[in-house]
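Asker:
There are 4 protein chains.
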Amino acid sequence: MDYQAILGQCCEMPVGFVQLPVGVAGPLLLDGRHYHVPMATTEGCLVASVNRGCRAIAASGGADSVLLRDAMSRAPVIKLPTAKRAAELKMFVEAPANFQALAAQFNKSSRFGRLQGIQCALAGRNLYMRFTCSTGDAMGMNMVSKGVENVLGYLLNNFPDMDVISISGNYCSDKKPTAVNWIEGRGKSVVCEATIKGSVVQSVLKTTVEKLVELNIVKNLAGSAVAGALGGFNAHASNIVTALFIATGQDPAQNVESSQCITMLEAVNDGNDLHISVTMPSIEVGTVGGGTCLASQSACLNLLGVKGPNHDSPGANAKLLATIVAGSVLAGELSLLAALAAGQLVKSHMKYNRSSKDVAKAAS
Amino acid sequence: MDYQAILGQCCEMPVGFVQLPVGVAGPLLLDGRHYHVPMATTEGCLVASVNRGCRAIAASGGADSVLLRDAMSRAPVIKLPTAKRAAELKMFVEAPANFQALAAQFNKSSRFGRLQGIQCALAGRNLYMRFTCSTGDAMGMNMVSKGVENVLGYLLNNFPDMDVISISGNYCSDKKPTAVNWIEGRGKSVVCEATIKGSVVQSVLKTTVEKLVELNIVKNLAGSAVAGALGGFNAHASNIVTALFIATGQDPAQNVESSQCITMLEAVNDGNDLHISVTMPSIEVGTVGGGTCLASQSACLNLLGVKGPNHDSPGANAKLLATIVAGSVLAGELSLLAALAAGQLVKSHMKYNRSSKDVAKAAS
Amino acid sequence: MDYQAILGQCCEMPVGFVQLPVGVAGPLLLDGRHYHVPMATTEGCLVASVNRGCRAIAASGGADSVLLRDAMSRAPVIKLPTAKRAAELKMFVEAPANFQALAAQFNKSSRFGRLQGIQCALAGRNLYMRFTCSTGDAMGMNMVSKGVENVLGYLLNNFPDMDVISISGNYCSDKKPTAVNWIEGRGKSVVCEATIKGSVVQSVLKTTVEKLVELNIVKNLAGSAVAGALGGFNAHASNIVTALFIATGQDPAQNVESSQCITMLEAVNDGNDLHISVTMPSIEVGTVGGGTCLASQSACLNLLGVKGPNHDSPGANAKLLATIVAGSVLAGELSLLAALAAGQLVKSHMKYNRSSKDVAKAAS
Amino acid sequence: MDYQAILGQCCEMPVGFVQLPVGVAGPLLLDGRHYHVPMATTEGCLVASVNRGCRAIAASGGADSVLLRDAMSRAPVIKLPTAKRAAELKMFVEAPANFQALAAQFNKSSRFGRLQGIQCALAGRNLYMRFTCSTGDAMGMNMVSKGVENVLGYLLNNFPDMDVISISGNYCSDKKPTAVNWIEGRGKSVVCEATIKGSVVQSVLKTTVEKLVELNIVKNLAGSAVAGALGGFNAHASNIVTALFIATGQDPAQNVESSQCITMLEAVNDGNDLHISVTMPSIEVGTVGGGTCLASQSACLNLLGVKGPNHDSPGANAKLLATIVAGSVLAGELSLLAALAAGQLVKSHMKYNRSSKDVAKAAS
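Here's what the structure looks like:
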């Protein structure tokens, strides 16, 4: 046990390690390249299911992804003497004329964190300022926090009546399911799509295009609407996000927003083939910092070819990892929806997920 | 590496293990007993922070918890020929007169799963039936799914025009942030509270009662309201839930709803002391099945005294684990809020969370 | 101007009346009967649009509705000394053994208000108790409030440490968009459906079944999901609810939740015909009290055959009115979706909605 | 009855008028001026309650407001062949380099509608483009729709594979409770505040600062959080918004989002006085078009001094109306919270809101 890698870095009062099995699904054919996707999980069927999704995708020519946005956020909350005064500070930080000066402050403590914008909201005389910035290959929470601290110090010169209540006012929002992340995005925003051939739907997924499309409407759209979901218009994005996050040293507590996802299915090509997409606005990943330094996590990043900082194109590794997350979610959605459409879920759970020792007795 | 514990149980296509460091916070003084809380995490400061919260709680006489509900849920979606017909099925399953017959079906495949109720929602002719049941010491997803399958088979006799679209219609809701879990609860619903002495707030938490109370209003209540949060009225419940879930072999993908939490702070005793509470309606935990069988996770459960099934009082171990989760969240909320109120966050992050090797360079 | 009908009844410091034009759409063929639907509105196209929807429905054999629930709610908030104590009060009021005694208290001040249930939620030591009851032909807010007051008085005997913070703790929820209404319902919960013949879709609605189905998925389901809607999975339910509410003397401020609606469209009969439904859990209406006593509103209720209390079957008038609201929304959804699918919206708005006097100049 | 003002303008198939009593609250002392606020309502107590709030505000020196934003929105939904292609269109319309060309198209059909921005969201290959623009003194839905049509026509040249599914894809969002309005605002975004003297709290509002502050936390913040509210962190904003909307010829169906509001209360000046604010991001009002042309509504606008277009400063009338809405909501919140804190609600409802004729019998 390498305590040096932990102490003063990522865990205090360590007593040991916990081990999670890692399975590998794939290859996932994404944007023309093959990836072997490491998943740390104890949920039976999960790796097998994603693996089947990968097979269906590969047999159909692969999936494609687009990165729509890349911006970590942090939103301090400041109390001003009056709402009028809070509005003045809002106008000040949102004024295009002031952007350069604020960005200069923000950017000075990091080579990678570059201020992108500041979006403000008020609750009376409390002002929430949501700073967004690029963060290179780091997930970027520390980077953005430092930049925010710089700006707050600078603003105090012009607004000496500012009372910084907290560096985070929950408008960020970190590790909470919130609309602001769903609407604005946090971390990487990715959309990923594939067209699955009708023949593959039949041979690999054991169901039909028509059934899958109907299931997605009734479950992922209408069902989640009825349940009052916020960004939860999917079957099990959280499963795949979490397994990949743990395997690759990400912060699994961030899967709350990182697994926000809307899954869309449509019949195309005269109803013969299936178009599937996942749209995920808030994937928070990095390839440096946090748990990425640990040996096994580092190995998993290596397996994906995204270990450490990308020196040629800073940020490229983290962006690629985000697209792999989305691609893996696509595979997972496809496979679980197929299993549900074919009525396989409970049976396969029963088969894979029980221990012959004590679980069976407990669960029966 | 014990592949026997994994294969056909909780991970397919295994290639190895990933290791997460486990730190121990505490002792947490909860309901008169002391617990050493294992947390698997790579987030610097987290264990230290929860530990400080535990110290403040213990120095103030401890925390108390109440279990409000214990019910796992699964909601299949059924399509009927018409909405009228869907309404008839709804009336049928909700009729008190039919409960015994439905419960008999539901309960027959498990010694522990006991049907508690069925709550229905419609979207036109699609009927979502949310079954809830007790599940002993298991988290219970398989158990409830099997019970639901039994009932669906039975209902088909009376409603042969039922079309079972899916065993899950997202009204359950598993691993998605939804209002139905926030309102109805899922798994264990727990409230936990403590009264922190003013002197302890000062000496251990380095801040004041007044500052903490104001921060909670501005950040956890108003800030989350402004952000459009759903059940995310807390500072970082997800951090503690996730770390405890991974350490004890729970399903970390379920932290999406398990970390739903509203944190309340109030000045009491003429403003001298602090009353703090966390209310968490959807803690999904078990002490058998899933990842609880693995060696290191099993050891962590053992550390807490909740390993395996409780033979004397089935379900008692899982319930106790849920209260420990809530108690640990209480400690975590207390400590982070104090750090924020005192402006310590960024500094301590900088100190603890960076590797001297490559992170520093990447992040600076 | 009949001040007697107003003073001390429904408006203070009156200076006169405001007049809203009433158009009549229909007949709406609903559950085998024809209704002429009065709508008070100043939105050009609205009555014409609902009227077209009614024609399409009638030409297809009519619409059918089901009342799923009938329960007005009020949720006081009580503070107890501790969360433990709040949990005890929760257990007490939710215990089946105590229901009769609580109902006896609740029911004593009204002939119609009959307690149906009490659902509790906690935020630490604050307890929110959501009382639901039937309310005859009244919308019922006063009735339920009086019942709640009775119960609170009774509970104080057993829980002298109760501190009634407010008769309403926003968990009711009145005139706010909340998940608890969407999940639990408030007032009348209604589903309404119709099967529109393909030939009617073409001749009356000027579009195709296929286009309508796709539009509903992309706009009312996915679009609202992307927008972070809460119960707003429809095109313009609020328009119809509001116009009918004002015409019939309802409280238009309650359209916030009364217009919560999920609209579903499906191709049926081998894709030839269109199945459409609206599911509305929170329609708050009455045919006595409030504005229903005023002359013109009373006339509109009379036009629908639901004026005043139903003496033979108390509550039947209010229930019927709720189904007419849903049926009218169905007509409105059908027609607007058709207009959008055919690209007619902006053009018709331009034609109908501008005054030749000053609006045109202002808007152009 | 002046049918000329209605036909072809704001209502089809008219059969007459419905009359709503108008009461006048105030004077409201706002930003140094006095306003007599017309409210069309049939809810007993409402005008009297707002009136009391106005008295408390005036006795404390008046309220102040700030307009934070002014932007009506419309979001068409476009389907592209692939998500990749949808992302390209997103990048195109969001590129700063293209803004001038798009704005030129947008702005050409109106003197007042000036494009402010385009915010895009994807659901797979469906692109939702939320256009925002200023709209002078009109509420602006037609204006923005026309501008959007212009831009869509222009974009078709560059993206001939665009399939315009609908001019509205619900990401606008009109008359639905959605997060996008709560986060981004729609129409006018206003914050309004006042500091109420402790002596006034006692003499006029019959309660204490301390009680009011606690009530607001427990009801408007925590209670709404527990209820799963979306932008409904207030006591009864919808009441005031609706009454003012109907009186002044606004579209009362838009109160769904126009009444989104977070109410904040704080003790200030060493706990002696009360600071209260309402923050309302989505007030949709105009002083031309729609129902503003009708005689009685026009008179109400005149009473407020905001009738018709403001020729000196186009848009100033509509903006002023929005601040009056917020100021009136402030008065209403203050007064209802005071009534609740003092336990007056049910009693005053009973006194004012029942007809001596049939309501009493029905409700008792």
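Respectively, the protein sequence lines represent chains P, S, W and B.
Take the first sequence: its letters are residues 2 to 365, numbered as in our numbering.
Take the second sequence: its letters are residues 2 to 365, numbered as in our numbering.
Take the third sequence: its letters are residues 2 to 365, numbered as in our numbering.
Take the fourth sequence: its letters are residues 2 to 365, numbered as in our numbering.
For each residue, glycine too, the CB sits at the ideal point set by N, CA and C.
Small disclaimer: the values here were computed from a predicted structure and weren't measured.
1) Could you tell me whether the Cβ atoms of B/PRO315 and B/PHE160 are closer together than 7 Å?
2) Report the option in W/GLY125, W/HIS237 and W/PHE107 whose CA atom is closest to the CA atom of W/GLY118.
3) By Cβ distance, which residues of its chain are closer than 7 Å to P/VAL149, with the 5 residues on each side in sequence left out?
4) In the DSSP assignment, find the beta strand (DSSP E) that holds S/GLU95 and state where it starts and stops.
5) In chain S, what lies closer than 8 Å to P/GLN101 by C-beta?
6) Taking 7 Å as the threshold (C-beta atoms), are S/SER225 and S/GLY233 in contact?
7) Could you have a look at S/SER146 and say whether DSSP puts it in helix, strand or coil?
8) With a threshold of 7 Å between beta-carbons, can P/GLY229 be considered close to chain W, or not?
9) Can we count W/LEU321 as close to the ligand SAH, meaning its CB is less than 6 Å from some heavy atom?
10) Within 10 angstroms of its Cβ, does B/LYS176 collect 16 or more other Cβ (buried), or is it exposed?
11) With DSSP run on the structure shown, which of helix, strand or coil describes S/SER239?
12) For the beta strand (DSSP E) containing B/ALA300, name the first residue and the last one.
13) S/VAL23 and S/PRO39: beta carbons closer than 7 Å?
14) So, with DSSP's three-state summary, where would you put S/LYS308?
15) Whole angstroms is fine: what's the gap from P/ALA342's alpha carbon to P/GLN203's?
16) On the three-state DSSP scale, how would you describe B/VAL152?
17) So with Cβ pairs under 7 Å, would you call S/ILE7 a contact of chain B?
18) Identify the continuous beta strand (DSSP E) that holds B/GLU44 and give its terminal residues.
19) Could you confirm whether any beta carbon from chain S is found closer than 7 Å to the beta carbon of W/SER278?
20) Return the chain-ordered list of same chain residues with a C-beta closer than 7 Å to the C-beta of B/ASN221, the five sequence neighbours on each side being excluded.
21) Indicate whether W/THR42 and W/ALA296 have their beta-carbon atoms separated by less than 7 Å.
22) When Cβ atoms are compared, which residues of the region 192-224 of chain S fall closer than 7 Å to chain B?
23) Relative to the C-alpha of P/LYS207, which residue among P/LEU335, P/ASP162, P/GLU44 and P/GLY27 is closest?
24) Quick one: does B/THR264 have its CB under 7 Å from some CB of chain W?
25) Helix, strand or coil: how does DSSP classify S/ALA122 here?
26) By the DSSP assignment, the alpha helix (DSSP H) with B/LYS212 in it spans what residues?
27) If we count Cβ pairs, one from each stretch, closer than 8 Å, do we get three or more for the region 239-254 of chain S versus the region 319-338 of chain S?
28) Measure the C-alpha to C-alpha separation of S/LEU157 and S/VAL165 and round it to an integer number of angstroms.
29) Sorted by chain position, which residues of the same chain lie with C-beta nearer than 7 Å to S/LEU116's C-beta, five sequence neighbours on each side aside?
30) Report back the beta-carbon spacing between W/VAL181 and W/GLU267 to the nearest angstrom; my notes put them in contact at under 8 Å.
31) Within 10 angstroms of the Cβ of B/GLN10, are there 16 or more other Cβ atoms? Answer buried if so, exposed if not.
32) If you follow the beta strand (DSSP E) that B/GLY24 is in, where does it begin and where does it stop?
33) Within 7 Å (strictly less), CB to CB, does S/VAL67 reach chain W?
34) Mapping the DSSP letters down to three states, classify W/VAL205 as helix, strand or coil.
35) Given that B/CYS12 touches chain W, what residues does it touch there, using C-beta distances under 7 Å?
36) Going straight from the alpha carbon of P/LEU321 to that of P/CYS12, what length do you get?
Answerer: Judging by the given coordinates:
1) Walking along the fourth sequence from the start, residue 315 of chain B turns up at place 314. Walking along the fourth sequence from the start, residue 160 of chain B turns up at place 159. No, they are not a contact pair.
2) For the purposes of this step, residue 118 of chain W is identified with residue 117 of the third sequence, where counting begins at 1. Of W/GLY125, W/HIS237 and W/PHE107, the residue nearest in Cα terms is W/PHE107.
3) Start at 1 with the first residue of the first sequence, and residue 149 of chain P comes out as number 148. When the five nearest sequence neighbours on each side are left out, the beta carbons in the same chain lying within less than 7 Å of the beta carbon of P/VAL149 are those of ARG75, PRO77, PHE132 and ILE168, in order along the chain.
4) The count along the second sequence starts at 1 and reaches residue 95 of chain S at position 94. Bounds of any beta strand (DSSP E) do not take in S/GLU95; it lies within the alpha helix (DSSP H) bounded by 84-95.
5) Mapped onto the first sequence, residue 101 of chain P falls at position 100. Correct list: empty, because the minimum Cβ distance to chain S is about 22 Å.
6) Counting from 1 along the second sequence, the entry for residue 233 of chain S is found at position 232. Counting from 1 along the second sequence, the entry for residue 225 of chain S is found at position 224. Cβ atoms of S/GLY233 and S/SER225: closer than 7 Å.
7) The residue you call residue 146 of chain S lines up with position 145 of the second sequence. Three-state result, S/SER146: helix.
8) In the first sequence, the residue the question calls residue 229 of chain P occupies position 228. For P/GLY229, the answer is yes, since a Cβ of chain W falls inside 7 Å of its Cβ.
9) This structure lacks the ligand SAH, and indeed carries no ligand of any kind.
10) Start at 1 with the first residue of the fourth sequence, and residue 176 of chain B comes out as number 175. The residue in question, B/LYS176, is buried, as its Cβ has 16 or more Cβ neighbours within 10 Å.
11) Along the second sequence, one-based indexing puts residue 239 of chain S at 238. In the three-state reduction of the DSSP assignment, S/SER239 falls in the helix class, which pools H, G and I.
12) For this step, residue 300 of chain B is matched to residue 299 along the fourth sequence. Going by DSSP, B/ALA300 is part of no beta strand (DSSP E) but of the alpha helix (DSSP H) stretching over 296-305.
13) Position 22 of the second sequence, counted from the start, is the residue given in the question as residue 23 of chain S. Position 38 of the second sequence, counted from the start, is the residue given in the question as residue 39 of chain S. Contact flag set, yes.
14) Working through the second sequence from its first residue, we reach residue 308 of chain S at position 307. Coil, per DSSP.
15) Walking along the first sequence from the start, residue 342 of chain P turns up at place 341. Walking along the first sequence from the start, residue 203 of chain P turns up at place 202. Cα to Cα, the separation comes out at about 12 Å.
16) In the fourth sequence, residue 152 of chain B corresponds to position 151, counting from 1. DSSP, reduced to helix, strand and coil, places B/VAL152 within a helical segment of the structure shown.
17) Mapped onto the second sequence, residue 7 of chain S falls at position 6. Not an interface residue.
18) By one-based count along the fourth sequence, residue 44 of chain B stands at place 43. Where B/GLU44 is concerned, there is no enclosing beta strand (DSSP E), given that its DSSP letter is neither H nor E.
19) To locate residue 278 of chain W, count along the third sequence from 1; it is residue 277. Answer yes: the Cβ-Cβ gap between W/SER278 and chain S drops below 7 Å somewhere.
20) Reading the fourth sequence from its first residue, position 220 is the one you call residue 221 of chain B. Within the same chain, and ignoring the five residues on either side of B/ASN221 in sequence, the residues whose Cβ sits closer than 7 Å to its Cβ are PHE234, ASN235, ALA236 and THR264.
21) Taking the third sequence and counting its residues from 1, one reaches residue 42 of chain W at position 41. Taking the third sequence and counting its residues from 1, one reaches residue 296 of chain W at position 295. Between W/THR42 and W/ALA296, the C-beta spacing is not below 7 Å.
22) Taking 7 Å as the Cβ-Cβ cut-off against chain B, the residues of the region 192-224 of chain S that qualify are ILE218, LEU222 and ALA223.
23) Counted from its first residue, the first sequence places residue 207 of chain P at position 206. When only C-alpha atoms are compared, the closest one is P/LEU335.
24) Numbered from its first residue, the fourth sequence carries residue 264 of chain B at position 263. By this cut-off, B/THR264 is not an interface position.
25) In the second sequence, residue 122 of chain S corresponds to position 121, counting from 1. Assignment of S/ALA122 by DSSP, reduced to helix, strand and coil, places it in the strand class.
26) Counting from 1 along the fourth sequence, the entry for residue 212 of chain B is found at position 211. In the DSSP assignment, B/LYS212 falls within the unbroken alpha helix (DSSP H) covering 210-216.
27) Here the region 239-254 of chain S makes contact with the region 319-338 of chain S; the two share three or more CB pairs at distances below 8 Å.
28) Within the second sequence, numbered from 1, the residue matching residue 157 of chain S stands at position 156. Within the second sequence, numbered from 1, the residue matching residue 165 of chain S stands at position 164. If you take the alpha carbons of S/LEU157 and S/VAL165, they lie about 9 Å apart.
29) Reading the second sequence from its first residue, position 115 is the one you call residue 116 of chain S. Here the set comprises LEU103, ALA104, PHE107, ASN108, PHE132, CYS134 and GLY148.
30) Within the third sequence, numbered from 1, the residue matching residue 181 of chain W stands at position 180. Within the third sequence, numbered from 1, the residue matching residue 267 of chain W stands at position 266. About 29 Å separates the CB atoms of W/VAL181 and W/GLU267; that is not less than 8 Å, and the two are not in contact.
31) Position 9 of the fourth sequence, counting from 1, holds the residue named residue 10 of chain B. With 16 or more other Cβ atoms from the protein chains shown falling within 10 Å of its own Cβ, B/GLN10 counts as buried.
32) The count along the fourth sequence starts at 1 and reaches residue 24 of chain B at position 23. Here the beta strand (DSSP E) through B/GLY24 covers 15-31.
33) The count along the second sequence starts at 1 and reaches residue 67 of chain S at position 66. Put simply, the CB of S/VAL67 is near chain W, with a gap under 7 Å to one of its CB atoms.
34) Along the third sequence, read from residue 1 onward, the residue named residue 205 of chain W stands at position 204. Looking at W/VAL205 - three-state DSSP - the assignment turns out to be coil, as it is neither helix nor strand.
35) Reading the fourth sequence from its first residue, position 11 is the one you call residue 12 of chain B. The contacting residues are PRO22, GLY24, THR42, THR43 and VAL48.
36) The count along the first sequence starts at 1 and reaches residue 321 of chain P at position 320. The count along the first sequence starts at 1 and reaches residue 12 of chain P at position 11. Cα to Cα, P/LEU321 sits roughly 27 Å from P/CYS12.
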